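Working notes for the structure below.
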Amino acid sequence: MNAIINFRMVFINFKENFKTSTARMTRIVSSKKDKLPIEMILL
Numbered sequence: 787m788n789a790i791i792n793f794r795m796v797f798i799n800f801k802e803n804f805k806t807s808t809a810r811m812t813r814i815v816s817s818k819k820d821k822l823p824i825e826m827i828l829l
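Here the sequence shown is numbered in this note's numbering, starting from 787 and rising by one per residue.
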């Protein structure tokens, strides 16, 4: 039972990380269009 819960937590964390990294990539791409160093602000 614990293994199922752990797997679910890892999967949820992975989905959240994927969403945030995708949003970050989108911001970097849009900043390249706008010529703004938004990726530097994020770091």
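Here a beta-carbon is modelled for each residue, glycine too, at the ideal position from N, C-alpha and C. All figures in this text were calculated on a predicted structure; none of them were measured in a lab.
Alpha-carbon to alpha-carbon, residue j and residue i
i: Asn799; j: Ala809; result: 15 angstroms
i: Ile791; j: Lys801; result: 15 angstroms
i: Ala789; j: Lys805; result: 24 angstroms
i: Arg813; j: Ser807; result: 10 angstroms
i: Val815; j: Phe793; result: 32 angstroms
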